[in-house]
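Worksheet: the structure to be examined is printed underneath.
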Amino acid sequence: MAKNLSGDLQVASANRLADGMVVFLDAAGQWTERLDRADIARNKQVADILLERARAESFTVVDPFLVAVIEDEEGRIEPLSLREKIRASGLTFAAIAAEAVRYA
Amino acid sequence: MPDAHFYSYDDFDRRLVAERVEQFRDQVRRRLAGELTEDQFKPLRLTNGLYLQLHAYMLRIAIPYGTLSSRQLRKLAEISRKYDRGYGHFTTRQNLQLHWIKLEQAPDAIAALAEVDMHSIQTSGNCVRNTTADHFAGAAADEIEDPRVWCEIVRQWSTLHPEFSFLPRKFKIAITGSPNDRAAVRVHDIGLRLWRNDRGEVGFEVIVGGGLGRTPMIGKTLREFLPKDEMLAYLEAALRVYNRYGRRDNLFKARIKILVHEIGVEKMREEVEAEYESMKDSALKLSPDTIEAIAQHFAPPPLRPKRTLVPEVEALKLEDRNFALWLKSNVAPHRVAGHAIVTASLKPAGAPPGDASAAQMEGVADIADAYSYSEIRVSHEQNLVLPHVAVEDLPAVYRALDKLGFAEANIGKITDIIACPGLDYCALANARSIPVAQRISNHFAALARQHDIGDLKIKISGCINACGHHHVGHIGILGVDKNGVELYQISLGGDVDFGHTALGTILGPAVPAEKVVEAVDALVTTYLEARAEGERFVDTYRRIGAQPFKDRVYATV
Ligand code: HEM
Ligand code: SF4
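Respectively, the protein sequence lines represent chains V and C. Sequence positions in the first sequence follow this note's numbering and run 1 to 104. Sequence positions in the second sequence follow this note's numbering and run 1001 to 1557.
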């Protein structure tokens, strides 16, 4: 189990306006689908600034907010809550595939 | 080309929907260009049934009274393939939800819907929502009259009704034309039940103030017998009273069920009857011509009585045990001899309940063309129905459905689970629903055992909004969140059958996700040991009470 080694970590997330996909704000101020590219705020003060930046960059996304994450020994981050885990990595079951069932 | 025996849009409907599509296209363009803020845009997309969920937009498409033509179902398949991920989710409100629509493409998807006289208007917001009906309407052996005629009248009256576009809260109506209520009329804002009185006249019992969600309530009878031609005027009166007195100050107290609960059904009746007195001879009184004109759209297909005993069917019954079970659980009596109503189970073992791929939708459309007069129904239990199948065609229909994975002989059984989208999709969820349903489904997959267990309805919701109808499940399962951990509260004894409608009672402390299957297994074992001859799970529960079930479950988990 990953441990929270670095205190109260946060990333900024939102849904992309054009297609609704989950995105995270990176250090360059771009929205990316990859959580591992997200800019991490390591304390409350920086988190407030991160959220301000996210709001300033919100022309192409809907309602940015902060997501609490944990970081493991190798620096991999993962959201704390199940809800945000699911947002970051998708459905927890295999959705039916469009052509899964072919018929004669 | 309009479909035979389906309601098709007239010019008014068509123009209205076309205008809405173009309006929405322009609104989306302005939003994407930054000319509209999200706050300005959100209500606009919601009135077109476009929600933003956890990880994508979701389009909710109304399927009026659950009736689809094969042409419409093929179009839904095409839309899901072209604009979504190639599958859709049939819901408990006879809607289809596409969970991965892109905002940029939503206007095209809605335009494609309009090509087959469908839309997503009024699937959100504080208006009269899609009116639902018995999914066996027009076919059931026990039916008095086809309720869809009345659903269509309600649809025409309520679509963009100026007075009722900003009700205190959303408003859901369901209509059944059979004594065996398959439309859950006692858990809707208004439920209408057609019945025949002593004098042989057919009219409506008007039921008001039912609902699930945070404050579940069983609807109460507002009017025992309402002549059919007075339906609209009476509904209008009821909605006016609600519009006047319904609470707008508190979201959680705004539904009509709270109003009825607070003032009492007698007072509600007094108010509605007084309002009605002033308008019952108004233009809303339905003329026989109007009713007849709409009824024509629902004229039954030209079925002729056929032989009921077909050697091939009888032979296959002996040969193929699954077919024999399927005949028992998935095939219902039709009102024309030699015909049957077939339910295609969208609950194959371990699958997400109610999901169908584009190829599966097309497959069902093909079967409907070949064997069911091109008609398909969507049930509130998240299955598809072929309403007019000749008994002699049952083996062919069974084989065709089997190829699609939709011939599971489990209708009404423990794996015919209703589940809301839950935390895998829904922004409001506390916990997941679909994976829980999948685990229960896998655990009880053996068909012979399911049939031995008999009728047992499991209904799962991921939060108190109760989209999965957990309150009325024989076994209800509600996801709750405790410090970030998914727990599931189990309730027993809920029922939507007419005359037995009841809300379930919570069994005890919520159980962890990984113990839900064991808990359900303990409930089933308790029932199997205690049941008397002919008793269903819920009957045994009513007879012996919660304690034996409780003891077993909490000794297990
Ligand atoms: C995953 C997508 C869904 C979203 C985003 C969603 C959205 C909502 C929202 C926002 C509410 C709260 C009440 C409101 O403001 O309207 C609600 C409640 C509800 N929704 Fe859903 N919903 C979803 C799926 C479903 C499904 C699948 C059904 C069933 C067919 C459904 C039927 C209902 C019902 C019955 C309620 C409770 C209403 C009551 O008080 O009786 N929803 N939903
Ligand atoms: S019951 Fe709750 S979790 Fe399930 S779909 Fe409805 S709002 Fe979402």
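Heads up, the beta-carbon is just placed ideally off N, CA and C, and yes, glycines get one too. What you are looking at is a predicted structure, and each value in this text was computed from that prediction instead of being measured.
Problem - C:A1429: CB within 8 Å of a non-hydrogen atom of the ligand SF4 - result: Counting from 1 along the second sequence, the entry for residue 1429 of chain C is found at position 429. For C:A1429, the shortest separation between its Cβ and any heavy atom of the ligand SF4 lies below 8 Å.
Problem - Residue span of the alpha helix (DSSP H) that contains C:Y1541, given as start and end - result: As a position in the second sequence, residue 1541 of chain C is number 541, starting the count at 1. Note, C:Y1541: alpha helix (DSSP H), F1537 to I1544.
Problem - Residues near C:A1238 by beta carbon distance below 6 Å, same chain, minus five either side - result: As a position in the second sequence, residue 1238 of chain C is number 238, starting the count at 1. Taken in chain order, the residues that qualify are V1272.
Practice task
Closer than 7 Å by beta-carbon distance: list the chain V residues that pair up with C:Y1057, in chain order.
Solution key: Reading the second sequence from its first residue, position 57 is the one you call residue 1057 of chain C. In chain order: G20.
Exercise for the section: Flag C:I1153 as yes when its Cβ comes closer than 8 Å to any non-hydrogen atom of the ligand SF4, and as no otherwise. Expected result: Counted from its first residue, the second sequence places residue 1153 of chain C at position 153. Within 8 Å of the C-beta of C:I1153 there is not a single heavy atom belonging to the ligand SF4.
Handout entry: Cβ distance (whole Å) where C:I1440 is taken to contact C:V1517 below 8 Å
Key = Residue mapping note: residue 1440 of chain C aligns to position 440 of the second sequence, counting from 1. Residue mapping note: residue 1517 of chain C aligns to position 517 of the second sequence, counting from 1. Their Cβ separation, rounded to whole angstroms, is 6 Å, which keeps C:I1440 and C:V1517 in contact under 8 Å.
Exercise for the section: Measuring alpha carbon to alpha carbon, tell me which of C:L1052, C:P1162, C:Y1242 and C:V1397 ends up nearest C:A1370. Expected result: For the purposes of this step, residue 1370 of chain C is taken as residue 370 along the second sequence, with counting starting at 1. Per the C-alpha coordinates, the member of C:L1052, C:P1162, C:Y1242 and C:V1397 positioned closest to C:A1370 is C:V1397.
Practice task
Within the same chain, show all residues whose beta-carbon is closer than 7 Å to that of C:N1197, passing over the 5 residues directly before and after it, in chain order.
Solution key: For this step, residue 1197 of chain C is matched to residue 197 along the second sequence. Counting only Cβ-Cβ distances below 7 Å, and skipping sequence neighbours, we find G1203 and F1225.
Problem - Contact list for the region 1463-1485 of chain C against chain V, Cβ threshold 7 Å - result: For the region 1463-1485 of chain C, the set of residues with a beta-carbon nearer than 7 Å to any beta-carbon of chain V comprises G1484, in chain order.
Exercise for the section: Determine the direct distance from the alpha carbon of C:A1466 to that of V:A27, and round the result to whole angstroms. Expected result: Working through the first sequence from its first residue, we reach residue 27 of chain V at position 27. Working through the second sequence from its first residue, we reach residue 1466 of chain C at position 466. Straight across, the Cα-Cα distance linking V:A27 with C:A1466 is about 41 Å.
Exercise for the section: Return the chain-ordered list of same chain residues with a C-beta closer than 6 Å to the C-beta of C:P1353, the five sequence neighbours on each side being excluded. Expected result: Counting from one through the second sequence, the residue named residue 1353 of chain C turns up at place 353. These residues qualify, in order along the chain: K1347, Q1382, I1417, A1419 and A1437.
Exercise for the section: With a threshold of 8 Å, establish whether the CB of C:L1098 neighbours any heavy atom of the ligand SF4. Expected result: Your numbering for residue 1098 of chain C matches position 98 in the second sequence. Between the ligand SF4 and C:L1098, a heavy atom-to-CB distance of less than 8 Å is absent.
Practice task
Kindly indicate the opening and closing residues of the alpha helix (DSSP H) around C:P1530.
Solution key: Residue numbering aside, residue 1530 of chain C sits at position 530 when the second sequence is read from its first letter. Checking the sequence, you will find Ala at residue 1530 of chain C rather than Pro. If you look at C:A1530, you'll find it in the alpha helix (DSSP H) that goes V1516 to A1530.
Handout entry: Contacts of V:L91 in chain C (Cβ-Cβ under 7 Å)
Key = One-based indexing of the first sequence puts residue 91 of chain V at position 91. Those within 7 Å of V:L91 in chain C are D1424.
Problem - Inter-residue spacing [alpha-carbon to alpha-carbon] between C:G1066 and C:V1208 - result: Translated into positions along the second sequence, residue 1066 of chain C becomes position 66. Translated into positions along the second sequence, residue 1208 of chain C becomes position 208. Inter-residue distance for C:G1066 and C:V1208 is about 22 Å (C-alpha atoms, whole angstroms).
Problem - Spatial distance of C:D1229 from C:D1289 (CA atoms) - result: If you number the second sequence from 1, residue 1229 of chain C lands on position 229. If you number the second sequence from 1, residue 1289 of chain C lands on position 289. Taking the straight line joining both Cα atoms gives about 11 Å.
Exercise for the section: Give, in chain order, every residue of the region 1171-1185 of chain C whose Cβ lies closer than 8 Å to some Cβ of chain V. Expected result: Correct list: empty, as no residue qualifies.
Problem - Any chain V beta carbon closer than 9 Å to C:D1142 - result: Walking along the second sequence from the start, residue 1142 of chain C turns up at place 142. No, C:D1142 does not count as interfacial toward chain V.
Exercise for the section: Can you grab the Cα-Cα spacing for the pair C:V1378 / C:E1277, in whole Å? Expected result: By one-based count along the second sequence, residue 1378 of chain C stands at place 378. By one-based count along the second sequence, residue 1277 of chain C stands at place 277. Straight-line Cα distance between these residues: approximately 37 Å.
Handout entry: Cβ-based burial, C:R1148 [other Cβ within 10 Å; buried from 16]
Key = Walking along the second sequence from the start, residue 1148 of chain C turns up at place 148. Burial call: buried.
Exercise for the section: Would you please verify whether the beta carbon of V:I86 is less than 9 Å from any beta carbon of chain C? Expected result: Along the first sequence, read from residue 1 onward, the residue named residue 86 of chain V stands at position 86. Against chain C, the CB of V:I86 has a partner CB under 9 Å away; the residue lies at that interface.
Exercise for the section: Determine the chain C residues that contact V:F24 at a beta-carbon separation under 9 Å, and present them in chain order. Expected result: Within the first sequence, residue 24 of chain V is the residue found at index 24, counting from 1. Residues of chain C passing the Cβ test: none, with the nearest at roughly 12 Å.
Practice task
Taking a Cβ distance cut-off of 7 Å, strictly less, list which residues of the region 1424-1443 of chain C are near chain V, in chain order.
Solution key: So the close ones are D1424, R1432, I1434, P1435 and Q1438.
Handout entry: Contact list for C:Y1541 against chain V, beta-carbon separation under 8 Å
Key = As a first step, residue 1541 of chain C must be located in the second sequence, where it is residue number 541. Chain V residues near C:Y1541: none, gap ~30 Å exceeds 8 Å.
Exercise for the section: Could you tell me whether the Cβ of C:Y1087 comes closer than 9 Å to any Cβ of chain V? Expected result: Residue mapping note: residue 1087 of chain C aligns to position 87 of the second sequence, counting from 1. Taking Cβ atoms only, chain V reaches closer than 9 Å to C:Y1087, which makes this a yes.
Exercise for the section: Determine the direct distance from the alpha carbon of C:G1211 to that of C:L1194, and round the result to whole angstroms. Expected result: For this step, residue 1194 of chain C is matched to residue 194 along the second sequence. For this step, residue 1211 of chain C is matched to residue 211 along the second sequence. Straight across, the Cα-Cα distance linking C:L1194 with C:G1211 is about 20 Å.
Exercise for the section: State the CB to CB distance for the pair C:D1108 and C:Y1083, rounded to an integer number of angstroms; the pair is presumed to be in contact (CB under 8 Å). Expected result: For this step, residue 1108 of chain C is matched to residue 108 along the second sequence. For this step, residue 1083 of chain C is matched to residue 83 along the second sequence. Indeed they touch by this definition, with Cβ atoms about 7 Å apart.
Handout entry: chain V contacts from the region 1087-1103 of chain C (Cβ-Cβ distance under 7 Å)
Key = The residues in question are Y1087, K1102 and L1103.
Practice task
Name, please, each residue of chain C whose Cβ falls closer than 7 Å to the Cβ of V:V62.
Solution key: As a position in the first sequence, residue 62 of chain V is number 62, starting the count at 1. Neighbours of V:V62 in chain C, taken as residues whose beta carbon is under 7 Å from its own, are E1038 and L1052 in chain order.
Exercise for the section: For C:N1243, name the three-state secondary structure that DSSP assigns. Expected result: Walking along the second sequence from the start, residue 1243 of chain C turns up at place 243. In the structure shown, C:N1243 falls within a helical segment according to DSSP collapsed to helix, strand and coil.
Practice task
Would you mind telling me which residues of chain C sit closer than 8 Å to V:F65, beta carbon to beta carbon, in chain order?
Solution key: Translated into the one-based positions of the first sequence, residue 65 of chain V becomes position 65. Scanning chain C for C-beta atoms nearer than 8 Å to the C-beta of V:F65 yields nothing, as the closest lies near 12 Å away.
Exercise for the section: For C:A1429, I'd like the list of residues in its chain whose CB is within less than 6 Å of its CB, leaving aside the five on either flank, ordered along the chain. Expected result: On the second sequence, residue 1429 of chain C is found 429 positions in, with the first residue counted as 1. So the qualifying residues of the chain are G1422, L1423, G1462 and C1463.
Handout entry: Inter-stretch contact (C-beta, 8 Å, three-pair minimum) for the region 56-72 of chain V and the region 8-18 of chain V
Key = By the Cβ rule, the region 56-72 of chain V counts as touching the region 8-18 of chain V, because three or more pairs are nearer than 8 Å.
Problem - Chain-ordered chain C contacts of V:N15 [CB-CB under 9 Å] - result: Numbered from its first residue, the first sequence carries residue 15 of chain V at position 15. L1052, Q1053, L1054, H1055, A1056 and Y1057, listed in chain order.
Exercise for the section: Output yes or no for whether 9 Å exceeds the beta carbon distance between C:H1089 and C:A1056. Expected result: Position 89 of the second sequence, counted from the start, is the residue given in the question as residue 1089 of chain C. Position 56 of the second sequence, counted from the start, is the residue given in the question as residue 1056 of chain C. No, the Cβ-Cβ distance between C:H1089 and C:A1056 is not below 9 Å.
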